[in-house]
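A.B. asks: Shown below is the structure under consideration.
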Amino acid sequence: MNVPFGFDASLAVLTLAVAGYAIAVRESFAAVIAFISYGLLLALVWVRLSAVDVALTEGAIGGGVTGALLISAAAKVGNGVADVSRPLGRVGKFFIAFLCAVITIGIAVAFLSLPESAPTLAPLAAEHLPSTGLGNPVTAVLLSYRAIDTLLESVVLVFAVVGVWTFASDHHWGGAPESPGRDRPEEPLVFLGQILPPLGILIGVHLVWTGATEPGGAFQGGTILAAAWILTMVAGLTKPPSIGGRWLRFALVGGPALFLGIGVAGFVIAKAFLAYPEGYAKAFILVIEAGVTVSIAVALGLLALGPPGRRLP
Amino acid sequence: MADFFFIAGALIVAITAVGLFRVLRGPDDADRVMAAQLLGTGGVAALLLAEVRGTRGAVDVALVLAFLAAFSGVAFVNASLGEGSGDNTSEHTEDDALN
Amino acid sequence: MTLLTDAFTIVCVSGGLFFFLAGAVGLVRFPDTLARLHALTKADNLGLGLIVLGLLPQSDGVLSATKLLLVWAVAQLGGATLSQMVARVAKDKTSKS
Amino acid sequence: MNALTLAGLSGAALIGMGLYGFITNAHLLRKIVAFNVIGGGVFLLFGAVAHRGAASGMSADPVPQALVITGIVVAFSATALAVALLLRYFKETGTPFLSDNCETSGSRSDVERS
């Protein structure tokens, strides 16, 4: 057993322990903080699996934005007092644990009995990479080979925002989400809200731009931009926008619409839906990425802000 | 040199993971957040060491983790200070919004 | 020259390692929240700072060196501000109870 | 046993643990956390499979990696939706638990059922 394997094994044990704690602990706040550590450890695991693109996404969304969302939810909801009329007994819990163990073992056996020579699309992806003008195969998959998936995903984000908005009370419809910050934000938070967002914009744009050749891309960059946006609101420097705002809705839908428009134009200029004309693939991909990044940032920000006018007792 | 970087990175993750004991024990939520913050900083340091060893893009992951550690820290502080103090903005944000 | 920069790197990274160790031990062993916060900030500032300093000569080119410094700056800004705010949260808690 | 097998087995274990928490925890926020733990396990399993497909100078098959990125973003959308639903439910009932007895008025029951 060598040192790298020892490290990977410890990392795996640590990840499992933190996940177990997130599930077993009594206080919901502690569970959320354990979950944030879990996301962080997973990002490290992804780097060890040489999937840096995924590590970026997991670190940004899994640990970061999801963590922040759950923290504020945990603070509002608290631990509560369980008044479940049919609590699970010891036997019931044991039975469920047994079933979950069976599922785990089933998946593990399936994983271990995968064929020796793994099927892979890597050669195909590598072969066509020059035609896209990109250097990062993951970006090529996302925006060229399987662009339809990414197009649909950007639409899913818009639907999710609409879904979140439907939880507003009727008389709040058309209003703005409650501000994530406090009435008079503390000075250090205001300072952070002034310094960090510009750095966040720099990092976000950098991630989108390098996504063409190095790990990075629209989703990772968009997440950072969304976080920067929310930071300015926490510091009281900007206010959550009204959900009826024309510009907001345009920004939300613009990316997917641009993506779809270029996709349909593909019928004319490149003989297929979502095909790019030869030699111009990279230019089109960059235009789409720029548009989609803005929409992702707005959508993720609105998802984190919640429905309009939400007020809790 | 590469071995040194690897071992240093692994040690930092191991050391900061010891701090996770505080997530377990608490007693305050602030203690738990501090442990997560320490693990975050340790992870950032380990990623920087990985980048120098030749993992391309690890420094970007470090950048993202450092930025979002601050972000979720803000979420914690905001949520903890928010509870109990009654001067929340909800009243007039809402009125502003409806106009 | 390489030997000299390598030695510099090793010294700085080992120093960073030491401060991480001190921070972790302090976080586990110190008796109250504010003392633990005090230990944490050492790891945050000096631990990461020394590692960044040690890696600077190893980075290839100005861009990657700038990135290293940017990581440090972001961690520093976030860490310093949040330590103060976390201390305020901890103080609120003790004064209330 | 190598790092790859380790990742796959950890993924399987995380799915089992998350599923257990998802079923046994009555607190709705804890269910959302458990759901995300399951998600992490599924993605890790995917990543291990992607890593097996390393070929042509690539360290991993890029297609499953792209799928995982898509998955993480969709998981966040689902989580945000679930949290919004939870907060609305909490506002209506004052408890983060689902209860069997419907003491809430008719106008609220549609929130509670969903």
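Keeping their order, the protein sequence lines are chains A, B, C and D. Residues 1 to 313 in the working numbering are what the first sequence lists, from first letter to last. Residues 1001 to 1099 in the working numbering are what the second sequence lists, from first letter to last. Residues 2001 to 2097 in the working numbering are what the third sequence lists, from first letter to last. Residues 3001 to 3114 in the working numbering are what the fourth sequence lists, from first letter to last. Just so you know, even glycine gets a beta-carbon here, dropped at the ideal spot from N, CA and C.
1. Residues of chain C with a CB under 8 Å from the CB of Asp1003/B: which are they?
2. Would you mind telling me which residues of chain D sit closer than 8 Å to Pro354/A, beta carbon to beta carbon, in chain order?
3. Quick one: complete alpha helix (DSSP H) runs, 4+ long, within the segment 20 to 56 of chain A?
4. Among the candidates Ala3026/D, Leu3098/D, Ser3010/D, whose CA atom is the shortest distance from the CA of Leu348/A?
5. Of all the CB atoms in chain C, is at least one closer than 8 Å to the CB of Phe191/A?
6. How many angstroms separate the CA atom of Thr210/A from the CA atom of Thr132/A?
7. Taking C-alpha atoms, which residue in Arg2088/C, Gly2079/C, Lys2091/C lies nearest to Arg1040/B?
8. Within 8 Å (strictly less), CB to CB, does Ala1050/B reach chain C?
9. Please state whether the Cβ-Cβ distance between Gly217/A and Asp53/A is less than 8 Å.
10. State the Cα-Cα distance for the pair Phe250/A and Ile296/A, rounded to the nearest angstrom.
11. Let me check one thing: in DSSP terms, what residues is Pro177/A bridge-paired to?
12. Would you kindly report the start and end of the unbroken alpha helix (DSSP H) that includes Arg146/A?
13. I'd like to know whether the C-beta atoms of Val1077/B and Val2062/C end up nearer to each other than 8 Å.
14. Rounded to a whole number of angstroms, what is the C-alpha to C-alpha distance between Gly3093/D and Ser28/A?
15. For Arg1022/B and chain C, any beta-carbon pair shorter than 8 Å?
16. List, in chain order, every chain A residue whose beta-carbon is nearer than 9 Å to that of Leu2021/C.
17. State buried or exposed for Phe3043/D, treating a residue as buried only when at least 16 other CB atoms are found within 10 Å of its CB.
18. I want to see whether chain A comes within less than 8 Å of Leu2055/C, judged by CB atoms only; does it?
19. Using Cβ-Cβ distances below 9 Å, what residues of the segment 1029 to 1060 of chain B are close to chain A?
20. Just how far apart, CA to CA, sit Ala2007/C and Leu49/A?
21. Hey, out of Leu192/A, Gly263/A, Pro256/A, whose CA is closest to Val234/A's CA?
22. For Val1052/B, which of Ser2059/C, Ser2083/C, Met2085/C has the nearest alpha-carbon?
23. Buried or exposed for Asn136/A, please, with buried defined as at least 16 other CB atoms from any protein chain shown within 10 angstroms of its CB.
24. If I'm right that Thr2009/C touches Leu2048/C with Cβ under 8 Å, what's the distance once you round it to whole angstroms?
25. What's the gap between the Cα of Ala1097/B and the Cα of Gly266/A?
C.D. replies: In short, the structure shows the following:
1. Ordered by position in chain C, no residue passes the 8 Å Cβ test against Asp1003/B, which lies about 12 Å from the chain.
2. Nothing can be reported for residue 354/A: it is not among the residues displayed for chain A, which extend from 1 to 313.
3. 28 to 48
4. It is not possible to answer for residue 348/A, since the shown part of chain A is limited to 1 through 313.
5. yes
6. 15 Å
7. Note on identity: in this sequence residue 1040/B is Gly, with Arg being the wrong assignment. Nearest option by C-alpha distance: Gly2079/C.
8. no
9. yes
10. 12 Å
11. Pro308/A
12. Element bounds for Arg146/A: n/a, residue is neither H nor E.
13. no
14. Here residue 3093/D turns out to be Thr, not Gly, going by the sequence shown. Taking the straight line from one Cα to the other gives about 18 Å.
15. yes
16. Going along chain A, no residue has its Cβ under 9 Å from Leu2021/C, so there is no contact; the nearest lies around 17 Å.
17. buried
18. no
19. Asp1029, Arg1032, Val1033, Ala1035, Ala1036, Leu1039, Gly1040, Gly1043, Ala1046, Leu1047, Ala1050, Thr1055, Arg1056, Gly1057, Ala1058, Asp1060
20. 30 Å
21. Leu192/A
22. Ser2059/C
23. buried
24. Wrong, their Cβ atoms sit about 15 Å apart, outside the cutoff.
25. Because Ala1097/B carries a pLDDT of 39, less than 50, the predicted location of this residue cannot be relied on, and no value is offered for it.
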